[in-house]
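Everything on this sheet refers to the single structure shown next.
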Amino acid sequence: MHTAAFRAAGLHGTYEARRVPAAELPAALAGLRQPGVLGANLSLPHKEAALPWLDELTPAARAIGAVNTVIHRQGRLTGENTDAQGLFEALLELGAGGTGDRNTGGAVAVLGAGGAARAAVYVAVTLLERDVYILNRTRARAQELAESWAAPDRPGPRALAADPGEVPWEQIRLLVNASSAGLDAPGQTPLPDFGFTRLPAGALVYDMVYKPAETRLMREARAAGRRAENGLGMLAHQARLAFRAWTGADVPVGVFLDALSSPAGREQQG
Ligand SMILES: NC(=O)c1ccc[n+]([C@@H]2O[C@H](COP(=O)([O-])OP(=O)(O)OC[C@H]3O[C@@H](n4cnc5c(N)ncnc54)[C@H](OP(=O)(O)O)[C@@H]3O)[C@@H](O)[C@H]2O)c1
Numbered sequence: 063m064h065t066a067a068f069r070a071a072g073l074h075g076t077y078e079a080r081r082v083p084a085a086e087l088p089a090a091l092a093g094l095r096q097p098g099v100l101g102a103n104l105s106l107p108h109k110e111a112a113l114p115w116l117d118e119l120t121p122a123a124r125a126i127g128a129v130n131t132v133i134h135r136q137g138r139l140t141g142e143n144t145d146a147q148g149l150f151e152a153l154l155e156l157g158a159g160g161t162g163d164r165n166t167g168g169a170v171a172v173l174g175a176g177g178a179a180r181a182a183v184y185v186a187v188t189l190l191e192r193d194v195y196i197l198n199r200t201r202a203r204a205q206e207l208a209e210s211w212a213a214p215d216r217p218g219p220r221a222l223a224a225d226p227g228e229v230p231w232e233q234i235r236l237l238v239n240a241s242s243a244g245l246d247a248p249g250q251t252p253l254p255d256f257g258f259t260r261l262p263a264g265a266l267v268y269d270m271v272y273k274p275a276e277t278r279l280m281r282e283a284r285a286a287g288r289r290a291e292n293g294l295g296m297l298a299h300q301a302r303l304a305f306r307a308w309t310g311a312d313v314p315v316g317v318f319l320d321a322l323s324s325p326a327g328r329e330q331q332g
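Residue numbers (the numbering used here): 63 to 332.
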């Protein structure tokens, strides 16, 4: 995606994947302070581990407690989280979570309690201003995530841990899978034995997973007549936002989506 973006922006630059063992993370981050380096993306488990080694965090990265993008400027490293804004923009493109929706109420359900779920809860509570129900295989982690949003200085929408039986499904206009259930596993779902007709007719099921392109969660939601999308839009938007933060160039999201659907992009997605 970033190679295509450099080309589209008329810039000379390279983006390469590196495997960094946990013990080498501080040295790898220090290496980003060299002149000519724009920054980096981080993946698991570095998204949270990197925080102490950065000079500053954006408000979103601080609230989420995870960084997927590091921006280098004049020897200083800033941690940003473009997963959250990327999800938000993908949802807006799909017409979910716009101001009209906010006025008509509705709540969000998030499946999972890892870094991606933290970003989804941030989007639901802070950007969409909706109550959010967090469901996770390990309930204690959902509880922990919900409690981290219960700060007294954060009034407004609430985050609640829940089991499927406790969620008012008829109020859920947006269901986000932020768990890794279904990833490379077409027969797996984070929500087994669920009747998707319990969701309102206009509800959107957004699966952050994009391998396979149609997950079991999406297949079952669609079979019940509910709209369902995979996480490719989020993936493209988080990359677009990272690229803009590094270079200042606002490359259209279509460039990133086209790269993802190219033979090389498909190969990398497996
Ligand atoms: N589209 C995008 O741009 C984008 C961006 C970021 C992440 N993602 C995707 O989001 C997913 C989660 O990423 P993450 O970084 O949050 O991972 P993570 O921190 O490892 O969290 C994984 C979560 O999935 C749950 N889980 C794992 N296997 C499960 C199963 N078989 N059934 C039910 N729940 C299961 C875990 O539950 P426990 O707590 O019980 O272990 C945990 O809550 C991944 O598939 C990742 O590829 C997509």
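All residues carry an ideal CB built from backbone N, CA and C; glycine is no exception.
Rounded distance between the beta-carbons of residue j and residue i, thought under 8 Å
i: Arg-192; j: Ala-169; result: 5 Å
i: Gly-127; j: Glu-110; result: 6 Å
i: Ala-70; j: Val-267; result: With 8 Å as the limit, Ala-70 and Val-267 do not qualify as a contact, their Cβ atoms being about 31 Å apart.
i: Pro-262; j: Glu-232; result: 6 Å
i: Arg-80; j: Leu-139; result: Between Leu-139 and Arg-80 the Cβ distance is about 16 Å, and since that is not below 8 Å, they are no contact.
i: Ala-304; j: Arg-288; result: About 31 Å separates the two Cβ atoms, so there is no contact after all.
i: Ala-179; j: Asp-145; result: About 11 Å separates the two Cβ atoms, so there is no contact after all.
i: His-64; j: Ala-301; result: 7 Å
i: Val-132; j: Ala-102; result: 5 Å
i: Gly-293; j: Asp-269; result: 6 Å
Beta-carbon contacts of residue i that lie in its chain and below 6 Å, excluding the five residues immediately before and after
i: Ala-286; result: Phe-258 and Thr-259
i: Val-183; result: Val-172, Val-194 and Ala-221
i: Arg-306; result: Asp-312
i: Ala-223; result: Ile-196, Ala-204, Gln-205 and Ala-208
i: Asp-117; result: Arg-138 and Leu-139
i: His-74; result: none
i: Trp-350; result: In the structure displayed, the chain extends from 63 to 332; residue 350 sits before or after that span and is not available.
7 Å Cβ cutoff met for residue i and residue j
i: Leu-119; j: Phe-150; result: no
i: Trp-308; j: Leu-100; result: yes
i: Ala-243; j: Pro-252; result: yes
i: Val-238; j: Trp-211; result: no
i: Leu-236; j: Val-271; result: no
i: Pro-248; j: Pro-274; result: yes
8 Å Cβ shell around residue i - same chain, five flanking residues per side excluded
i: Ser-105; result: Asn-130
i: Thr-200; result: Ala-175
i: His-108; result: Val-82, Ala-84 and Leu-87
Close Cβ partners of residue i (< 7 Å) along its chain, the five nearest in sequence each way excluded
i: Val-317; result: Ala-66, Ala-67 and Ala-70
i: Ala-152; result: Gly-295, Met-296 and His-299
i: Gly-148; result: Met-296, His-299, Gln-300 and Leu-303
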